[in-house]
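Numbering (my numbering), first residue to last: 435 to 497. Ideal Cβ placement from N, Cα and C applies to all residues, glycine included. See structure below.
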């Protein structure tokens, strides 16, 4: 029984798994932030490039 108590107390004190979970959560939050930023920027970039393409089309048509 004392071996079980030693194993249990060692398991409770072990923080390696907790650190890995924390790093995983941080990585997930960073990934969500990047995805949100890119989706917002992507829509704006599409508008910018569409405007540039329309301006180029009208410039070429005027030549």
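query, result
"Go to residue 497, then tell me how far its alpha helix (DSSP H) extends in each direction, as first and last residue.", "Residue 497 -> no alpha helix (DSSP H), and no H or E assigned at all."
"DSSP on residue 449, reduced to helix/strand/coil?", "coil"
"Straight-line CA distance for residue 457 to residue 465?", "12 Å"
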